[in-house]
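Note that our numbering numbers the sequence shown so that position 23 is 31, with each residue one more than the last.
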Amino acid sequence: MSVTAARGFLASGVAAGIKESGDRDLALVVNRGPSRAAAGVFTANRVQAAPVRWSRRALADGRLTAVVLNSGGANACTGQAGAVDALLMAERTAAALDAEPHEIAVCSTGLIGVMLPMERVTAGIDAAAERLTDDGGEDAARAIKTTDSVHKTSVVTRDGWTVGGMAKGAGMLAPGLATMLVVLTTDADVESEDLDAALRRSTEVTFDRVDSDGCMSTNDTVLLLASGASGITPERTAFAEAVTAVCDDLARQLIGDAEGASKDIRIEVINAATEDDAVEVGRSIARNNLLKCALHGEDPNWGRVLSAIGTTSAAFDPDRLDVAINGVWVCRNGAAGESRDKVDLSERGITITVDLRAGDASAVIWTNDLTAEYVHENSAYSS
9 MSVTAARGFL ASGVAAGIKE SGDRDLALVV NRGPSRAAAG VFTANRVQAA PVRWSRRALA
69 DGRLTAVVLN SGGANACTGQ AGAVDALLMA ERTAAALDAE PHEIAVCSTG LIGVMLPMER
129 VTAGIDAAAE RLTDDGGEDA ARAIKTTDSV HKTSVVTRDG WTVGGMAKGA GMLAPGLATM
189 LVVLTTDADV ESEDLDAALR RSTEVTFDRV DSDGCMSTND TVLLLASGAS GITPERTAFA
249 EAVTAVCDDL ARQLIGDAEG ASKDIRIEVI NAATEDDAVE VGRSIARNNL LKCALHGEDP
309 NWGRVLSAIG TTSAAFDPDR LDVAINGVWV CRNGAAGESR DKVDLSERGI TITVDLRAGD
369 ASAVIWTNDL TAEYVHENSA YSS
């Protein structure tokens with residue numbers, strides 16, 4: 009049920025004709041309250057799409073009534089005309105819901121630099137508003153797909169309250185955030201300040217640690233809406249843990265659906281001097297294309313792991329580095345350890361463990377291998 013698993017939410021997903029395929033391409037998620045608390049995080053890219061700019065302003069008071077999302081066009085790098093179109097999407101949605109435009113967040117995804125067919129978009133908004141249901145979350149999740157092969161949803165239920173979510177993303181996956189749109193909903197009664205704190209920390213350790221191809225998008229948006237319909241205010245830690253669980257599940261689904269990937273690679277950096285060091289090392293390994301090619305060919309080339317570590321500013325002694333691949337410690341003290349012939353890379357899942365032996369901090373980064381299919385998809389499809 010995705011975003012409609014939590015009480016107080018309606019959703020829909022329709023085919024507005026934005027995509028030439030005729031697939032669903034416009035989604036609407038509506039918070040019926042009684043609370044309208046909301047929070048959001050957005051791309052760190054300095055080139056930001058018009059919907060991102062609009063939604064930042066809409067969230068200034070920590071309240072949202074609805075989110076309208078389209079696939080098939082990013083409305084990014086479209087100048088003042090694109091800003092007008094984002095406003096029009098908010099205004100049309102607000103009119104259909106008897107709300108105010110500043111209560112509506114707008115999200116778009118697709119090709120950069122192309123104007124949206126606004127007559128189709130606005131007609132689609134009207135159709136989506138007419139088809140809102142309390143089990144429309146799956147249709148909404150399908151409507152925001154671009155190169156995704158599957159739609160992505162997640163739900164966590166605790167003692168009388170729920171967090172649900174949907175996500176899209178399959179390429180241009182890199183931190184701050186990834187090429188992704190995410191809408192999270194909860195029927196817990198949580199104020200916007202606490203939503204913001206929970207969302208930012210959850211994003212930091214989940215979506216911001218997905219690093220498929222090192223490319224950061226212009227449209228990334230993660231929104232968290234609270235209806236308060238359960239009447240329950242959870243303890244802050246419990247609520248944050250539930251939000252993180254949903255975000256982590258969705259982030260794993262993003263990696264699992266990465267364009268052309270054949271391996272899901274978990275990079276765990278342990279015993280770092282600081283968490284920042286652990287993240288920097290993990291990210292450097294995740295972005296090493298030579299290593300990603302080796303793992304695609306099922307070659308446990310641990311030397312490429314060490315070379316990636318050496319490009320960072322993290323604290324470590326090169327002569328004390330340990331590296332394991334799928335549990336086999338192929339590098340000990342910066343030199344050869346157990347035989348690499350013991351490493352089995354035939355399965356899709358691969359785990360690389362790096363022990364910096366410099367402290368007690370740790371972090372996990374997710375990436376995938378580099379395949380010919382990835383190159384083909386990103387040369388044959390404009391994205």
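Even glycine gets a Cβ: it sits at the ideal position worked out from N, Cα and C.
_Alpha carbon of Glu212 to alpha carbon of Leu232, nearest angstrom_ = Taking the straight line joining both Cα atoms gives about 15 angstroms.
*Which of helix, strand or coil does DSSP assign to Ile373?*
Strand.
*If we call anything under 8 angstroms between Cβ atoms a contact, is Thr117 one with Leu189?*
Taking 8 angstroms as the Cβ cut-off, Thr117 and Leu189 qualify as a contacting pair.
_Let me confirm a value: Gly326 is counted as buried when at least 16 other C-beta atoms fall within 10 Å, else exposed. Which label applies?_
Looking at the sequence itself, residue 326 is Pro, so the reference to Gly does not match. With fewer than 16 neighbouring CB atoms inside 10 Å of its own CB, Pro326 falls in the exposed class.
*Rounded to a whole number of angstroms, what is the C-alpha to C-alpha distance between Ala136 and Asp33?*
About 10 angstroms.
*beta strand (DSSP E) containing Asp363: first to last residue?*
Per DSSP, the unbroken beta strand (DSSP E) holding Asp363 starts and ends at Gly357 to Asp363.
*In terms of residue numbering, what span does the alpha helix (DSSP H) encompassing Phe17 cover?*
First-last for Phe17: Phe17 to Val22, but that is the beta strand (DSSP E), not the alpha helix (DSSP H).
*For Met174, which beta-bridge partners are listed by DSSP?*
Looking at the DSSP assignment, Met174 forms a beta bridge with Thr161 and Val191.
*Note down, in chain order, each residue of its chain lying with its Cβ closer than 6 angstroms to the Cβ of Gly342, except the 5 sequence neighbours on either side.*
For Gly342, where only same-chain residues beyond five positions count, the Cβ hits under 6 angstroms are Pro326, Asp327 and Leu329.
*asked:* Only counting the same chain, and skipping five residues up and downstream in sequence, which positions put a Cβ closer than 7 angstroms to that of Val351?
replied: In its chain, beyond the 5 residues on either side, Pro308, Ile333, Asn334, Val336 and Val338 have a beta carbon closer than 7 angstroms to the beta carbon of Val351.
*asked:* For the segment 233-241 against the segment 60-69, do three or more pairs of beta-carbon atoms, one drawn from each stretch, fall closer than 8 angstroms, so that the two count as touching?
replied: No, the segment 233-241 does not touch the segment 60-69.
*Segments assigned alpha helix (DSSP H), at least 4 residues, entirely inside the segment 283-332*: For the segment 283-332, whole alpha helix (DSSP H) runs of length 4 or above, ordered along the chain, are 283-294, 297-304 and 310-317.
_Once DSSP output is grouped into helix, strand and coil, what is the label at Val277?_
DSSP places Val277 within a strand segment (E or B) once states are collapsed to three.
*Bounding residues of the alpha helix (DSSP H) (the contiguous stretch that carries Ser79)*: No alpha helix (DSSP H) holds Ser79; the beta strand (DSSP E) holding it covers Ala74 to Ser79.
*What separation, rounded to the nearest whole angstrom, lies between the Cα atoms of Ala294 and Cys85?*
Taking the straight line from one Cα to the other gives about 29 angstroms.
*Straight-line CA distance for Ser391 to Ile120?*
Legend: pLDDT at Ser391 = 48, less than 50; position of this residue unreliable, no value from coordinates given.
*Considering only the beta carbon of each residue, do Val254 and Ser162 sit closer than 8 angstroms?*
Taking 8 angstroms as the Cβ cut-off, Val254 and Ser162 qualify as a contacting pair.
*Mapping DSSP to helix, strand and coil, what is Thr211?*
Shown here, Thr211 sits in a helix according to DSSP, grouped into three states.
*Grab the span of the alpha helix (DSSP H) containing Val7 for me, first residue to last.*
Since the first and last residues shown for the chain are 9 and 391, residue 7 lies out of range.
*How is the alpha helix (DSSP H) around Leu105 delimited, first residue to last?*
Start and end: Gly87 to Leu105.
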